[in-house]
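In this note's numbering, the protein residues as written are 74 to 211.
Ideal Cβ placement from N, Cα and C applies to all residues, glycine included.
One structure is given here, and the rest of the page talks about it.
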């Protein structure tokens, strides 16, 4: 049974707006890594044969894919906790209330840090890369 794994990568065309654009890399199957975390690991090399045909090389395997536009773009959001600011009555200066350390007032804030409009779909099985070595004449 194959599972779907999605990897987010930043697009090279993110200079068009203030919010960076990302692609989804969709693979059929699993990536297995010996360490516990894969978030900072190099997965492979991504190349383009032409504008719509990506090639992904992972180790000794090569995958051919296609670039697809998503039906609906979606945002990548970052959740943070911020201390609540209170205003004073005399002037409109903002003051952070740190007097109650046991029960600090916090609010959850979601920040849009990216947008996804396209995905790179690799739905075929990876093909092994085999090097043809010249036969030695003995």
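Under DSSP, the beta strand (DSSP E) around residue i begins and ends at which residues?
| i | result |
| --- | --- |
| residue 155 | 139 to 156 |
| residue 180 | 179 to 195 |
| residue 101 | 94 to 101 |
Any beta carbon of chain C sitting closer than 8 Å to that of residue i?
| i | result |
| --- | --- |
| residue 118 | The structure shown contains no chain C; it is built from a single protein chain. |
Just to confirm my understanding: we take residue i, look at its own chain, exclude 5 residues before and 5 after, and list those with CB closer than 6 Å. What are they?
| i | result |
| --- | --- |
| residue 88 | Note that residue 88 has pLDDT 46, beneath the 50 cutoff, so the model's placement of it is unreliable and no number is given. |
| residue 194 | 99, 138, 139 and 141 |
Measure how close the beta-carbons of residue i and residue j come, nearest whole angstrom, since I'm counting them as under 8 Å.
| i | j | result |
| --- | --- | --- |
| residue 92 | residue 189 | Wrong, their Cβ atoms sit about 11 Å apart, outside the cutoff. |
| residue 200 | residue 140 | Actually they do not touch by this definition, with Cβ atoms about 19 Å apart. |
| residue 204 | residue 183 | About 49 Å separates the two Cβ atoms, so there is no contact after all. |
Per DSSP, which one or two residues make a beta bridge with residue i?
| i | result |
| --- | --- |
| residue 116 | In DSSP, residue 116 forms no bridge with anything. |
| residue 261 | Past the boundaries of the shown model lies residue 261; the chain is included only from 74 to 211, so the question cannot be answered. |
Leaving aside the five residues before and after residue i along the sequence, list all residues of the same chain whose C-beta is less than 7 Å from its C-beta, in chain order.
| i | result |
| --- | --- |
| residue 122 | 128 |
Please go through the same chain and pick out, in chain order, the residues whose beta-carbon is closer than 8 Å to the beta-carbon of residue i, but skip the five residues on each side of it.
| i | result |
| --- | --- |
| residue 146 | 188, 189 and 190 |
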